[in-house]
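Numbered by our numbering, the letters in the sequence shown go through residues 31 to 379 in order. Here a beta-carbon is modelled for each residue, glycine too, at the ideal position from N, C-alpha and C.
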Amino acid sequence: MSELPVWARTLDAAFGPPLPGQYRAAPEDFIVEEQLDFTPEAHGEHLWLYIEKRNQTTLDVVKQLARLSDVTPRDIGYSGMKDRVAVTRQWLSVHLPGRDAPVDLTERLAAVDVRVLAQARHPRKLKRGVHRTNRFTLRLSGAVVESDSFTARWEALCHHGVPNYFGPQRFGPGGRNLVRAEAVLARGWRKRDDRQGMLLSSARSFLFNELLSARIKAGSWNKPLAGDTLMLDGTQSVFRPDQVDSTLEARAEALDIHPTGILWGVGYAPDESAAQRLETALSERHPALCDGLSRSGVKPARRALRMRLGEPEWQVEEDSFVLRFSLPRGGFATAVLSELMAHPDFASG
């Protein structure tokens, strides 16, 4: 696969294609704040640090923190991977049993452009995916600022939700992660070829985006179909109803529940219901990816097709729009932006 496909947007039918725009002209134009639903307990073997980084990936900071603390990167915990070209705030943990952190750790981190905003001890390592949401503050500029339809597009997303696409960063520059995933899955996935599972994730994310795009085109991305597994908003709790009735349709309209799509894996056996026929079509369009994932041993999972914007705000500042909103963990701000403006970074269009 030489390039990623163009995935469907939800708002073009009503408003036409969005105008071009610019985001992330500077790191300060893209601010991300990780939000937990608990606080460290102030005791234990792990030192938790709430840090602010700029123009660095999370893994860059992990390596720096491990070096400065005289531990291995495996002793560093983090919940989510944050963007590089951005100002991001997140928690990390360092395993320091029976000893304190270096006395000058905060100053040495500051020397590599990492600020420590808070710190506390905790009994356990910070695990992947435990944060509740990410809060974004984004500045948009360019022709999109002059668009008469921008506020209507924004209000539609606030009211109806956002397609929960995986962002283009999941697939690497030019989609190279997906190309590598195809090669690895074709010869049989092995852990040593994909230590972090990045290639498996890229393949599953691609298939999910394909399914979501198909359901947008069919008009069912935000409506439960027969055979759908539904997810409660703000949780990972899922259920599969015996039938879709007016009560479920009303809950979906109110963003209380969302249809889900498959993250492909071993043992997935779709039935002949309307929702799962759409998922079966993935194996017909992309047999090598689906077969390779089935043989890899990765377990199937579900992901909501839609996400709600939490506490959305927007304002005009000089020649730009400033947007503020929260997304559940795993949600991509680029999925929001691709509905609002045209930009070459976005895979969907």
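- Distance check between Leu139 and each of Leu126, Lys93, Ala72 places Lys93 closest, using alpha-carbon atoms only.
- One Cα belongs to Ala116, the other to Val209, and the distance between them is close to 27 Å.
- Where Lys83 is concerned, the enclosing beta strand (DSSP E) starts and stops at 76-84.
- For the pair Ala256 and Val268, the CB atoms are not nearer than the 7 Å cut-off.
- Taking C-beta separations shorter than 7 Å and ignoring five residues to either side along the sequence, the partners of Met371 in its chain run Pro48, Leu49, Pro50, Gly51, Leu170, Val174, following chain order.
- The alpha-carbon separation between Leu237 and Lys155 amounts to approximately 32 Å.
- Counting C-beta pairs closer than 8 Å gives fewer than three between the stretch 106-124 and the stretch 180-191, which falls short of the contact rule.
- By the neighbour-count definition (other C-beta atoms within 10 Å, threshold 16), Phe196 is a buried residue.
- The stretch 310-329 makes contact with the stretch 222-237, as at least three CB pairs between them are under 8 Å.
- Here the stretch 343-361 does not lie against the stretch 272-291, with fewer than 3 beta-carbon pairs under 8 Å apart.
- The residue among Thr69, Arg332, Tyr53, Ser276 with its C-alpha nearest the C-alpha of Met261 is Arg332.
- Secondary structure of Glu33 (DSSP, three-state): coil.
- Taken through DSSP and simplified to helix, strand or coil, Gln65 comes out as strand.
- Taking a cut-off of 8 Å on C-beta distances, the stretch 63-81 touches the stretch 125-139, as three or more cross pairs fall below it.
- Looking at Asp272, Leu335, Phe180, the one whose alpha-carbon comes closest to that of Leu241 is Leu335.
- Around the CB of Ser235, 16 or more other CB atoms lie within 10 Å, so the residue is classed as buried.
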